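Student: Before I ask anything, here is the structure I am working with.
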Amino acid sequence: MGVGAIGAAIGEGYTAAEANLAISRNTESAGDIFKSMLIGQAIAESASIFALVIAMILLFTKFSATSYVTVCAIFAAGLSMGFGAIGSGIGAGYPAGAACTGMSRQPAMSGKLTTNMLIGSAVCQTPSIFALVVSFILLFTDFSGYPVSPGWAAMLGAGLAIGLGAIGSGIGGGVVAKSSCDGIARQPLTITPVTNVMLLGQAIAQTPAILGLLISFILIYKGFPATDSLAPSMALLGAGICMGVGAIGPGIGEGIASSGGVNAIARNQEVVGVITRSMLVGMAVAESTAIYAMVIALVMIFVA
Amino acid sequence: MAIEGADVIRAAAFIGAGIAMGFGAIGPGVGEGLVAARACEAIGKNPKEAGLLTRTMLVGQAVAESTGIYSLVIALLLLFVV
């Protein structure tokens, strides 16, 4: 919860700062800007509300901790949602801030900017929803039959893989949505290609979080044989850390790449095809490091 | 749980491989994104040079990728050699 609140606070702070700047530039549309700021902040808040729900469950449920694995699963649920909320909180703040700035420049576009902001920040929430799903699975599955020795590491690894993995995609999706709100405010006629490319870019920026989700599910459901030695446990924990941390950079990087693409399209929409192609090639290269991290994680789970 | 010296070394190698590859992927991921963003903006300004710009972008990304590949090599060494 504590960690999860960081993201929402940064995101909402950013939105409010942009809204203030926007109102000072164009006081006549203060009402619209204020409304949009509140909606944007409410969405940025949702990630931390997920974290709050998990924290409440952790506090007020009477867990009959039957084994050490269950204890680790509950701890991992907290880690997953706490870290998982950071990215979405920060990410959802960006489009809201950009929409406020945009409204001060082009008050006539308020409606369309708000729609675009809502789509963009809704997509930003998906990584934190992945984290929420994994948290619920970790909280409410019965792990009592699991062998303790690699089991504890598998649970912690699963929590870290999706929790940390969600940070990058959340921020990345937000950066894209910010550029698209900027672009629409500057050139309202480009709204269709800009929104389309924004959605494409956001979808690809989500892939590192999806790889993290995949590794989490494998760690939770594969079922590892009991062992006396330390090495297999550390391999599973290492796989979780590797995928989780490894997904941060590509998530943010793909977001930046795609925000550059969206910016360029908003300025020159005749060359949408060429720009989209280069953007996709660039994003694919940025994805490669996430794929290395996934390969190492899979090697540690299945080979080591 | 009987923990011996060789087991501790293998355990440390596994966790080290995870940390090496995980953190090693952050920088190249962000850096390659920055390269691609600038390339897209440049193509938007000057679409005629799209081929040249894409080529330059790929070379720049390949160099940025190298540190990610170093991490991958180190992680593989820790997994299979140590």
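First to last, the protein sequences are chains H and A.
When you line the first sequence up against the working numbering, it's residues 959 to 1262, in that order.
When you line the second sequence up against the working numbering, it's residues 3 to 84, in that order.
Virtual Cβ for every residue (Gly too), placed ideally from N, Cα, C.
Treat the numbers as computed from the prediction; the structure is a model and nothing was measured.
Taking M1113(H) as the reference, which of S1093(H), A1056(H), A1163(H) and A1034(H) has the closest Cα?
Tutor: In the first sequence, the residue the question calls residue 1113(H) occupies position 155. Comparing Cα-Cα distances from M1113(H) to each of S1093(H), A1056(H), A1163(H) and A1034(H), the minimum goes to A1034(H).
Student: Within 10 angstroms of its Cβ, does S1022(H) collect 16 or more other Cβ (buried), or is it exposed?
Tutor: Taking the first residue of the first sequence as position 1, residue 1022(H) is located at position 64. Result: exposed.
Student: Taking 6 Å as the limit between beta carbons, can you name the residues of its chain near A1105(H), skipping five residues before and five after?
Tutor: Start at 1 with the first residue of the first sequence, and residue 1105(H) comes out as number 147. Ala is not the amino acid found at residue 1105(H); the sequence shown has Pro there. Closer than 6 Å at the Cβ level, and outside the excluded window around P1105(H), lie A1184.
Student: To the nearest angstrom, how far is the alpha carbon of A1143(H) from that of A1057(H)?
Tutor: Indexing the first sequence from 1 puts residue 1143(H) at position 185. Indexing the first sequence from 1 puts residue 1057(H) at position 99. In a straight line, the C-alpha of A1143(H) is about 8 Å away from that of A1057(H).
Student: Which residues bound the alpha helix (DSSP H) around D1100(H)?
Tutor: Position 142 of the first sequence holds residue 1100(H). Note, D1100(H): premise wrong, no alpha helix (DSSP H); not H, not E.
Student: Measure the Cβ-Cβ separation of S1127(H) and A1163(H) and say whether it is below 8 Å.
Tutor: For the purposes of this step, residue 1127(H) is identified with residue 169 of the first sequence, where counting begins at 1. For the purposes of this step, residue 1163(H) is identified with residue 205 of the first sequence, where counting begins at 1. Yes; because the gap between Cβ atoms is below 8 Å, this pair is in contact.
Student: By a C-beta neighbour count over all protein chains shown, 10 Å radius and 16 as the cutoff for buried, is N1074(H) buried or exposed?
Tutor: Translated into positions along the first sequence, residue 1074(H) becomes position 116. Buried, because 16 or more other Cβ atoms sit within 10 Å of the Cβ of N1074(H).
Student: Kindly indicate if chain A contains any beta-carbon less than 8 Å away from that of A1251(H).
Tutor: Locating residue 1251(H) in the first sequence gives position 293, where the first residue counts as 1. Interface residue, yes.
Student: According to DSSP, is S73(A) helix, strand or coil?
Tutor: Here residue 73(A) is taken as the residue at index 71 of the second sequence, counted from 1. Helix.
Student: For L78(A) and G1231(H), what's the separation of their Cα atoms in angstroms?
Tutor: What you label residue 78(A) is simply residue 76 of the second sequence in a count that begins at 1. What you label residue 1231(H) is simply residue 273 of the first sequence in a count that begins at 1. For L78(A) and G1231(H), the distance between alpha carbons rounds to 39 Å.
Student: If I measure Cβ to Cβ from C1030(H) and keep anything under 6 Å in the same chain, skipping five residues before and after, which residues do I get?
Tutor: The residue given as residue 1030(H) occupies position 72 in the first sequence. W1110, M1113 and L1114, listed in sequence order.
Student: Span of the alpha helix (DSSP H) holding L1010(H)?
Tutor: Against the first sequence, residue 1010(H) aligns to sequence position 52. Here the alpha helix (DSSP H) through L1010(H) covers A988 to F1018.
Student: Would you grab the beta carbon distance between M1039(H) and I1012(H) for me? Rounded to a whole angstrom, and I think it's under 8 Å.
Tutor: Taking the first sequence and counting its residues from 1, one reaches residue 1039(H) at position 81. Taking the first sequence and counting its residues from 1, one reaches residue 1012(H) at position 54. Right, the Cβ-Cβ distance comes to about 4 Å (below 8 Å), so this counts as a contact.
Student: For the stretch 1143-1214 of chain H, which segments carrying the alpha helix (DSSP H) assignment without a break, of at least 4 residues, lie completely within its bounds, in sequence order?
Tutor: DSSP runs (the alpha helix (DSSP H)) wholly in the stretch 1143-1214 of chain H: 1149-1163 and 1165-1179.
Student: If contact means a Cβ-Cβ distance below 8 Å, which residues of the stretch 1146-1161 of chain H contact chain A?
Tutor: Taking 8 Å as the Cβ-Cβ cut-off against chain A, none of the residues of the stretch 1146-1161 of chain H qualify.
Student: Residues in its own chain within less than 7 Å of I1214(H) by CB, not counting five upstream and five downstream?
Tutor: Here the question's residue 1214(H) lines up with position 256 in the first sequence. Counting only Cβ-Cβ distances below 7 Å, and skipping sequence neighbours, we find V1133.
Student: Looking only at its chain, what residues have a beta carbon closer than 6 Å to the beta carbon of G1263(H), apart from the 5 residues adjacent to it on each side?
Tutor: Nothing in the structure corresponds to residue 1263(H), since chain H is present only between 959 and 1262.
Student: Specify the secondary structure class of Q1064(H) as computed by DSSP and reduced to three states.
Tutor: Within the first sequence, the letter at position 106 stands for residue 1064(H). Coil, per DSSP.
Student: Quick check: is the beta carbon of M1241(H) nearer than 8 Å to any beta carbon in chain A?
Tutor: To locate residue 1241(H), count along the first sequence from 1; it is residue 283. At least one chain A Cβ lies under 8 Å of M1241(H).
Student: From I1032(H) to T1084(H), what does the alpha carbon distance come to, in whole angstroms?
Tutor: Here residue 1032(H) is taken as the residue at index 74 of the first sequence, counted from 1. Here residue 1084(H) is taken as the residue at index 126 of the first sequence, counted from 1. Using only the alpha carbons, I get a separation of about 22 Å.
Student: Find the residues of chain H that neighbour T56(A), judging by a C-beta separation of less than 7 Å, and give them in chain order.
Tutor: The residue you call residue 56(A) lines up with position 54 of the second sequence. What T56(A) touches in chain H: S1236 and V1239.
Student: Taking only beta-carbon atoms, is A1193(H) less than 8 Å away from chain A?
Tutor: Walking along the first sequence from the start, residue 1193(H) turns up at place 235. Yes, A1193(H) counts as interfacial toward chain A.
Student: Could you tell me whether the Cβ of R1144(H) comes closer than 8 Å to any Cβ of chain A?
Tutor: The sequence position of residue 1144(H) within the first sequence is 186, counting from 1. With 8 Å as the cut-off, R1144(H) does not count as an interface residue toward chain A.
Student: Should E1212(H) be labelled buried (16 or more other beta-carbon atoms within 10 Å of its own) or exposed?
Tutor: What you label residue 1212(H) is simply residue 254 of the first sequence in a count that begins at 1. Classification for E1212(H): buried.
Student: Closer than 9 Å, Cβ to Cβ, to anything on chain A: give me those residues from the stretch 1203-1218 of chain H, in chain order.
Tutor: Within the stretch 1203-1218 of chain H, the qualifying residues are V1203, G1204, A1205, I1206, G1207, P1208, G1209, I1210, G1211, E1212, G1213, I1214, A1215, S1216, S1217 and G1218.
Student: State the CB to CB distance for the pair M1156(H) and A38(A), rounded to an integer number of angstroms; the pair is presumed to be in contact (CB under 8 Å).
Tutor: Along the first sequence, read from residue 1 onward, the residue named residue 1156(H) stands at position 198. Along the second sequence, read from residue 1 onward, the residue named residue 38(A) stands at position 36. Contact doesn't hold; Cβ gap of about 15 Å is too wide.
Student: Using the rule of at least 16 other Cβ atoms within 10 Å of the residue's Cβ for burial, across every protein chain shown, is A1248(H) buried or exposed?
Tutor: For the purposes of this step, residue 1248(H) is taken as the residue at position 290 of the first sequence. Buried, by the Cβ-count rule.
Student: Please tell me whether G998(H) and A1054(H) are closer than 8 Å, where the distance is taken between their beta carbons.
Tutor: For the purposes of this step, residue 998(H) is identified with residue 40 of the first sequence, where counting begins at 1. For the purposes of this step, residue 1054(H) is identified with residue 96 of the first sequence, where counting begins at 1. Against a cut-off of 8 Å, the Cβ pair of A1054(H) and G998(H) comes out as a contact.
Student: Please classify S1025(H): does DSSP put it in a helix, a strand, or coil?
Tutor: As a first step, residue 1025(H) must be located in the first sequence, where it is residue number 67. Three-state DSSP puts S1025(H) in coil, outside helix and strand.
Student: Mind checking which residues open and close the alpha helix (DSSP H) that includes A1262(H)?
Tutor: For the purposes of this step, residue 1262(H) is taken as residue 304 along the first sequence, with counting starting at 1. Neither: A1262(H) is in no alpha helix (DSSP H) and is coded neither H nor E.
Student: Using alpha carbons as the reference points, say which of V1239(H), E1245(H) and I1178(H) lies closest to G1204(H).
Tutor: The residue given as residue 1204(H) occupies position 246 in the first sequence. It is E1245(H) whose Cα lies nearest to the Cα of G1204(H).
Student: Figure out for me which residue from G971(H), F1182(H) and P1151(H) has the closest Cα to the Cα of L996(H).
Tutor: Taking the first residue of the first sequence as 1, we reach residue 996(H) at position 38. Comparing Cα positions, the closest option is G971(H).
Student: In terms of residues, what are the limits of the alpha helix (DSSP H) holding E1228(H)?
Tutor: Sequence index remark: in the first sequence, residue 1228(H) carries index 270 (1-based). Element bounds for E1228(H): n/a, residue is neither H nor E.
Student: When the cut-off is 8 Å and only beta carbons count, does V10(A) lie next to chain H?
Tutor: Here residue 10(A) refers to the residue found at position 8 of the second sequence. Closer than 8 Å: yes.
Student: According to DSSP, is V1092(H) part of a helix, a strand, or is it coil?
Tutor: Residue mapping note: residue 1092(H) aligns to position 134 of the first sequence, counting from 1. Note: V1092(H) maps to helix in three-state DSSP.
Student: Please tell me whether G1196(H) has its Cβ less than 8 Å away from any Cβ of chain A.
Tutor: The residue you call residue 1196(H) lines up with position 238 of the first sequence. Yes, G1196(H) lies at the interface with chain A (some Cβ there is under 8 Å from its Cβ).
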